[in-house]
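Undergrad: When we follow UniProt numbering, the leftmost residue of the sequence shown carries the number 1, and every step to the right adds one. Idealized CB from N, CA, C, for every residue including glycine.
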Amino acid sequence: MHPIRALHALRDGVTDDSLRVAILVGLATVPFTVALSWDPIANEIIAGGSVSGTPLLLAGLLVGYYYSDRETESRRAGIWTGLAASIAAVLVFGANTVATIVSEPSQWAVVAVIGTPFVLALGVGFVVLFSMFAAQFADWVTTRLRRAHRAPDVSDDGGSPVPDPKWRKILAAYVLVAPPVVGSVLLEVPAGGVGFALTVLGLLVLVPLSVVALGALFADATAPRRSRVEWVPNALAYVGAPIGTYALVYAVAALRGSGHPDGYAIYAFIGVLWIAAVVYLFNRRRYFDGGGSAVRQLG
């Protein structure tokens with residue numbers, strides 16, 4: 001983009017009232033990001049540094065939720081939230097660069113000065129993209145949870161489209177794969193054998209599959225149903241139970257001083273997600289695939 005056009009776009013965005021909330025949310029993250037990213041100066045200073053992404057993630061999700069039912073696109077709002085929040089990245093990178101120039105030999109100082117603009121550009125670009133994707137994700141989730149999106153269209157006899165069957169297939173695959181893999185872990189197969197290699201391979205497949213299955217569960221549970229089908233899945237319960245279990249187990253394990261709280265949390269997440277998937281597929285078969293029910297069901 002031409003520099004003049006970029007300045008005009010920046011001016012238009014700053015003066016656009018519809019983006020005021022997005023910009024303010026981004027600015028509000030700056031002190032928290034700087035505080036979480038500020039590390040004590042070590043003996044060896046490295047220009048650049050790392051920036052905490054937690055405040056930015058929360059800001060992107062909040063902006064996506066706020067703009068999900070407004071004329072301004074959540075994508076555009078997320079970009080401006082990222083631009084405002086990137087001030088923190090500039091401050092952190094700039095402070096580390098100054099520390100490098102002051103404390104390191106002249107050749108490293110020259111490298112820091114030359115490399116800083118590139119590092120800043122990459123950092124700002126990453127912050128903007130991260131915020132944009134977080135806002136779009138929150139917008140997508142919020143839109144799918146709305147009753148207007150999920151309610152069947154009673155104005156026609158066909159109703160709304162049938163949910164994509166690929167989500168059901170992913171859930172079925174997870175239900176079949178999880179028990180043998182988790183069972184082999186609980187049996188503590190001796191290291192070095194074929195069984196141990198298969199267990200490790202199974203975990204490498206199961207962990208990412210569980211994340212995909214969680215997304216498939218949400219996508220299928222929030223899909224519009226045909227008019228003659230009266231089952232309305234409680235998407236928050238199905239998806240929230242595994243996530244809540246993960247957070248609870250992780251917190252308890254960490255408080256008890258466990259060396260690997262994330263390990264316990266992942267196994268708990270996999271187990272509860274398996275139960276949720278089985279219950280969901282059973283209800284889906286009973287109320288949806290089987291032709292629906294005369295009584296409206298929520299669950």
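Counting pairs of Cβ atoms below 8 Å between the region 131-143 and the region 58-69, do you hit three or more?
TA: Counting C-beta pairs closer than 8 Å gives three or more between the region 131-143 and the region 58-69, which meets the contact rule.
Undergrad: Pull up the distance between the alpha-carbon of A22 and that of T97, whole angstroms please.
TA: 29 Å
Undergrad: Touching or not, the region 195-215 and the region 178-185, by the rule of three or more beta carbon pairs under 8 Å?
TA: Judged by Cβ distances under 8 Å, the region 195-215 makes contact with the region 178-185, as three or more pairs qualify.
Undergrad: Would you please state the rounded distance, in angstroms, between the beta carbons of A241 and A276? I believe it to be under 8 Å.
TA: 6 Å
Undergrad: Rounded to whole angstroms, how far is the Cβ of G82 from the Cβ of G26, which I believe are closer than 8 Å?
TA: Distance from G82 to G26 at the Cβ level is roughly 7 Å; contact confirmed, criterion being Cβ atoms closer than 8 Å.
Undergrad: Figure out for me which residue from A237, R20, L24, S52 has the closest Cα to the Cα of T33.
TA: S52
Undergrad: Under 7 Å Cβ to Cβ from T245, same chain only, skipping five residues before and after it: list those, please.
TA: A268, F269, V272
Undergrad: Is DSSP giving W231 helix, strand or coil here?
TA: strand
Undergrad: Answer with buried or exposed for P233, where buried requires no fewer than 16 other C-beta atoms within 10 angstroms of its C-beta.
TA: buried
Undergrad: How is the alpha helix (DSSP H) around L198 delimited, first residue to last?
TA: 194-221
Undergrad: Since A99 and V127 are thought to touch, with beta carbons under 8 Å apart, how far apart are those beta carbons, to the nearest angstrom?
TA: Going by Cβ atoms, the distance from A99 to V127 rounds to 21 Å, so no, they are not a contact pair.
Undergrad: Note down the Cα distance separating G193 from V207, rounded to an integer number of angstroms.
TA: 22 Å
Undergrad: Taking 8 Å as the threshold (C-beta atoms), are V141 and A85 in contact?
TA: no
Undergrad: Applying the 10 Å Cβ sphere with the 16-neighbour rule, what's the burial state of L236?
TA: exposed
Undergrad: Can you tell which of A253, S210, L281, L255 has its C-alpha closest to the C-alpha of I243?
TA: Nearest C-alpha to I243: S210.
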